[in-house]
Amino acid sequence: MAPGHDRQSIPSHAALAELLRAHRLAAGATQAELAARAGIGVRTVRDLERARSTRPQRTTVELLAKALGLTGPDRAAFLAAARGTGPTTPPPATGTPLGLPPAPELIGRERDLTELATLLSESRGPRVVSLVGLAGVGKTALALAAVHAAAPAHAGGVAGVLIGAGSDAADVLAAALTVFGVARDTELAARLGDRPALLLVDAVERAPDPVAGTLRRLVDAVPSLRVVVTGRHPVGLPGEWVRPVSPLEVPPPGATDPATLARCPAVTLFLSRLAQVRREPPTDAELPALAALVHRLGGLPLAIELMAARGRLLDLTELLDRYGDRVLDLDTSAATHSGWETRPRGDEPRTAVAETLRDAVATSYRLLADEERAALRHLAAFGNRWSVEMAEEMLAGTGVDPVPLLNRFLDLGLLSVRGGGSFRFRLVDAVRDYAVEQASGAGESMMIRRRHARLVTRLVERTAAGMTGAGAVAAAHRLDEVTGDISSALAYAAVDDPLTALRLAVSLPRWWRLRGRDVVGRQWLLRLLADPRTADADRALRARASVGVAMLAGEHGAAAMELPTARAALAEFRRLGDVSGELEARTVLGVLLAATGRPGLAREQSEAVLALATEHGLTRQMAVAQHQLAWHEIRLGELATARRRLAVVDRLGGQCAEQRLRVLARGTVAEVLRLEGRYAEAVDEARRVLAAFGELGTPRSRRRVLGTLGLALAQDGRAAEAEQVLAELRPLDGTGALIEGHLALHRGDREAAAEWFAAAEPDEAGRDRRTVVEALVGLAASTSDAAVADRVELACRQGGIRLLKHEEELLHAVPVTRNA
1078 MAPGHDRQSI PSHAALAELL RAHRLAAGAT QAELAARAGI GVRTVRDLER
1128 ARSTRPQRTT VELLAKALGL TGPDRAAFLA AARGTGPTTP PPATGTPLGL
1178 PPAPELIGRE RDLTELATLL SESRGPRVVS LVGLAGVGKT ALALAAVHAA
1228 APAHAGGVAG VLIGAGSDAA DVLAAALTVF GVARDTELAA RLGDRPALLL
1278 VDAVERAPDP VAGTLRRLVD AVPSLRVVVT GRHPVGLPGE WVRPVSPLEV
1328 PPPGATDPAT LARCPAVTLF LSRLAQVRRE PPTDAELPAL AALVHRLGGL
1378 PLAIELMAAR GRLLDLTELL DRYGDRVLDL DTSAATHSGW ETRPRGDEPR
1428 TAVAETLRDA VATSYRLLAD EERAALRHLA AFGNRWSVEM AEEMLAGTGV
1478 DPVPLLNRFL DLGLLSVRGG GSFRFRLVDA VRDYAVEQAS GAGESMMIRR
1528 RHARLVTRLV ERTAAGMTGA GAVAAAHRLD EVTGDISSAL AYAAVDDPLT
1578 ALRLAVSLPR WWRLRGRDVV GRQWLLRLLA DPRTADADRA LRARASVGVA
1628 MLAGEHGAAA MELPTARAAL AEFRRLGDVS GELEARTVLG VLLAATGRPG
1678 LAREQSEAVL ALATEHGLTR QMAVAQHQLA WHEIRLGELA TARRRLAVVD
1728 RLGGQCAEQR LRVLARGTVA EVLRLEGRYA EAVDEARRVL AAFGELGTPR
1778 SRRRVLGTLG LALAQDGRAA EAEQVLAELR PLDGTGALIE GHLALHRGDR
1828 EAAAEWFAAA EPDEAGRDRR TVVEALVGLA ASTSDAAVAD RVELACRQGG
1878 IRLLKHEEEL LHAVPVTRNA
């Protein structure tokens, strides 16, 4: 319904003046801007708005109507007012949009839209709803879409106005009343009666006080009117319901899988805008850059659109290299325009924005008090999500209560809150970048980063203590959630505060091993141990670091290099009388000795661990020792004894809630079943173990069980299923070659089998001796070469391995040709 007035009480030139002013303000244009658009003099516009002009020429009125974008009833009412024939405006029909652009296309806001539209449609919902957030986060688009969706529930109509810079209370009131076709708030109340109506007021930060006063007046005078506002901060009215609009969800750090990226709203928006400037979708080679770019942009729709627009000339890798560290400098001038305009191809309508994202964030930063700004600079040290407790620790000594502070940041759209766990807070990325800049400019960076590193170290020490037992999975997940903070804390402290860095690194080996970061973790520990500034550190701390080095070395075939390290750590713990340290060092030393072909010495360490743990009643360490001893029984061919030890591991693991150890033991049971020739049972058990692994197992342990599964399938002749396992095991190691050899034997291809068994046989560092022997037995069976049988005998003698019954039968079938 077109805005209008009762012309019986208002002279025609005054009615035109009021309409012209209201439409100009709704368009967000100054008098000079409107004159430039219409191609007329600014004095003409000024005189018309002041009702100083006589009846204007028809051409002038038509030019103004075109410049204002008036169409349909709005244009007709404007021309009629100029002629002095404007009729009294009838009440709007149910759900009629007044002064609103069409509903925009939204990406990634489906849940937000549903919740907001439902809230606006409820008869007892809040009278004032504020959508707050940074410029470019999508407040206007969400508000427009929700208002259109809620229109059927508002018989009095839905309308919208855009606040212009410098508007006073009279401007705001005139614009709000005009879109409903009335001149006074009493007329609006009378016209609507008890029919609900909805008013959208956009960009309230341009005139916060006039808007607040006007809306308070309207809400009090018109009981059936509900208001939705968008802005940088709440209006501050009684009963106001504040809804922060957060950036879109971004992919997890390092995610490059196309399916994962396709589910991410921020990626979807980027690809949608990229398709407007280039025909070709991103190549596989560009996917890492796509994920990194969207993550770096923090899910801010305006930043995403501005970056995607640059894809006309540059591919995504070039965009990341050129602009990845300059997000705050993205120039928004190309996106600036006046009025509510629905851009081609579904771009969201946008109000005028600042010249750069830095300017946009600075506007919100200036709304904070000095102590709030200082707190923001401190919290910007966190790169991942954080908890209230972490915020409290980071702000200790500043006198700032984090709860009302975070509520304030949320009200201003500076803070994102996602999920239901404790680690659910995160500064909007552009805000964090700006706050880091401000901290640097204030000379606070070193102090803040040191405080952050020590906070992260304390957090990791507390969390890592739970990496065994019932809480192991939860502890690993907590560390996952602060991965970025761990990395940044290590990087900073290694340079500025190496003792803190060493404390942090010493707590991480189990987590590094669990997440397949053993190489990087070992490098960190070696670097910090070699730093002369840690030479005088606590002896037990350095010994634990050495155990961590040795443990991680065993994960990537470097066991021989770190045997002296493990022995030195064991000696240190014994000198200190540290029982827990001695147990850890002996356990790791046993693993390294077994991996380097010293099975007798390895067994001695496992037996020593079992005796010491039993003496002190340490159930978990007893279970670990029994598991290692079970592998020694397998090496000796004592499969029944191994099964009994594994049953003990399961019982002890249950007593100390060590679920991971129980699952690993079941994986070893699957290997025993395979070696016994019970292939179908081995397959079933291995699959159950792989399903249970989840976050419990290390990559190396999971690969071992996959090997057991593949070998059992191959030896059982289930070639298609074995091929699927091989696909997961690539690139193939000795176990993979062994699987291929058994598959070739089942096909009757003895030549191919011999080639595969030969590939599995070389005794490389870290190669399991049992695998070597099994490969040699297969080679002997496929070639009937008695010389290979001699090599089997030598490998068994060197590795302390006894052949199983079916392996001896295979060797006995090989013709004796050595003396022929």
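Numbering (the numbering used here), first residue to last: 1078 to 1897.
Cβ coordinates follow ideal geometry from the N, Cα and C atoms, glycine included.
Below 8 Å on the Cβ atoms is my contact criterion, and I expect residue 1344 with residue 1373 to pass it. Report the Cβ-Cβ distance as a whole number of Å.
In fact, because the Cβ distance is near 13 Å, the residues do not count as touching under 8 Å.
What is the DSSP secondary structure of residue 1506, counted as helix, strand or coil?
Residue 1506: helix per DSSP, three-state reduction.
Between the alpha carbons of residue 1431 and residue 1303, how many angstroms are there, rounded?
In this predicted model, residue 1431 has a pLDDT of only 41, less than 50, meaning its place in the structure is not dependable; the value taken from the coordinates is given anyway. Cα-Cα distance, rounded: 30 Å.
In the DSSP assignment, find the unbroken alpha helix (DSSP H) run with residue 1780 in it and report its ends.
Looking at the DSSP string, the run of the alpha helix (DSSP H) that includes residue 1780 is 1776-1792.
Hey, out of 1152, 1316 and 1460, whose CA is closest to residue 1561's CA?
It is 1460.
Could you tell me which of 1283, 1728, 1681 and 1727 sits nearest to residue 1706, measuring between CA atoms?
Of the candidates 1283, 1728, 1681 and 1727, the one whose C-alpha sits nearest the C-alpha of residue 1706 is 1681.
DSSP puts residue 1492 in a beta bridge; with which residues?
Residue 1492 is bridged to 1504.
Should residue 1464 be labelled buried (16 or more other beta-carbon atoms within 10 Å of its own) or exposed?
Counting Cβ neighbours within 10 Å, residue 1464 comes out buried, since at least 16 surround it.
Leaving out five residues before and five after residue 1528 in sequence, what residues of the same chain have Cβ atoms less than 6 Å from its Cβ?
Excluding positions up to five away in sequence, the list is empty.
Count the other C-beta atoms from every protein chain shown that fall within 10 angstroms of the C-beta of residue 1191, then say buried if there are 16 or more, exposed otherwise.
By the 10 Å Cβ count, residue 1191 comes out exposed.
Name the DSSP bridge partner or partners of residue 1205?
Residue 1205 pairs with 1304.
Give me the Cα-Cα distance between residue 1188 and residue 1223, rounded to the nearest whole angstrom.
Straight-line Cα distance between these residues: approximately 11 Å.
Rounded to whole angstroms, what is the Cα-Cα separation between residue 1591 and residue 1800?
Between residue 1591 and residue 1800, the C-alpha separation is close to 27 Å.
Using only alpha-carbon positions, find the residue among 1651, 1530 and 1848 that is nearest to residue 1752.
Taking only the C-alpha atoms, the option nearest residue 1752 is 1848.
Report the rounded CA-to-CA distance for residue 1857 versus residue 1865, giving the unit in angstroms.
About 5 Å.
Tell me where the alpha helix (DSSP H) around residue 1297 begins and ends.
Looking at the DSSP string, the run of the alpha helix (DSSP H) that includes residue 1297 is 1285-1298.
Considering only residues of the same chain and omitting the five flanking positions on each side of residue 1756, which have a CB-CB separation below 6 Å?
Correct list, in chain order: 1789, 1792 and 1793.
If you count every other CB in all the chains shown that lies within 10 Å of the CB of residue 1727, and 16 or more means buried, which is it?
It counts as buried.
So what's residue 1462 in DSSP terms, helix, strand or just coil?
Coil.
Using 8 Å as the threshold, is the C-beta distance between residue 1545 and residue 1817 below it?
The answer is no: Cβ separation not under 8 Å.
Hey, would you say residue 1309 sits closer than 8 Å to residue 1444, going by beta carbons?
Contact: yes.
Can you tell me which residues form a DSSP beta bridge with residue 1433?
Answer by DSSP bridge pairing, in chain order: 1408.
Just mark residue 1506 as buried or exposed, buried being the case when its beta carbon has 16 or more other beta carbons within 10 Å.
So residue 1506 ends up on the buried side.
Closest by CA to residue 1810, which one among 1796, 1823 and 1783?
Closest option to residue 1810, Cα to Cα, is 1783.
In the DSSP assignment, what residue or residues form a beta bridge with residue 1320?
DSSP output for residue 1320 lists 1208 as bridge partner(s).
Compute the distance between the beta-carbons of residue 1019 and residue 1471, then report whether it is under 8 Å.
The requested residue 1019 does not occur in the structure, where the chain is confined to residues 1078 to 1897.
By DSSP, does residue 1609 sit in helix, in strand, or in coil?
Here residue 1609 sits in helix by DSSP.
Could you spell out where the alpha helix (DSSP H) holding residue 1762 opens and where it closes?
Its alpha helix (DSSP H) spans residues 1756-1770.
Give me the residue from 1328, 1510 and 1504 with the minimum Cα distance to residue 1905.
Summary: the structure shown does not reach residue 1905, with the chain confined to residues 1078 through 1897, and so no result is reported for it.
Give the list of continuous alpha helix (DSSP H) stretches no shorter than 4 residues that lie fully inside the stretch 1839-1877.
Runs found: 1846-1860 and 1863-1876.
What alpha helix (DSSP H) runs, 4 residues minimum, are completely inside the stretch 1123-1160?
You should have 1135-1144 and 1149-1160.
Give me, in chain order, the residues of the same chain whose beta-carbon lies closer than 7 Å to that of residue 1184; leave out the 5 immediate sequence neighbours on both sides.
Excluding residues within five positions, the ones whose Cβ falls inside 7 Å are 1342, 1345, 1346 and 1349.
Quick one: residues in its chain with C-beta nearer than 6 Å to the C-beta of residue 1584, no 5 flanking neighbours on either side, listed in chain order?
Cβ within range, chain order: 1537, 1538 and 1541.
What is the rounded straight-line gap between the Cα of residue 1796 and the Cα of residue 1822?
Cα to Cα, the separation comes out at about 11 Å.
If distances are taken between C-alpha atoms only, which option among 1289, 1320 and 1252 comes closest to residue 1214?
When only C-alpha atoms are compared, the closest one is 1320.
Near residue 1359, what residues of its chain come up, given a Cβ to Cβ distance below 7 Å and the 5 sequence neighbours on each side ignored?
Answer for residue 1359: 1367 and 1393, listed in chain order.
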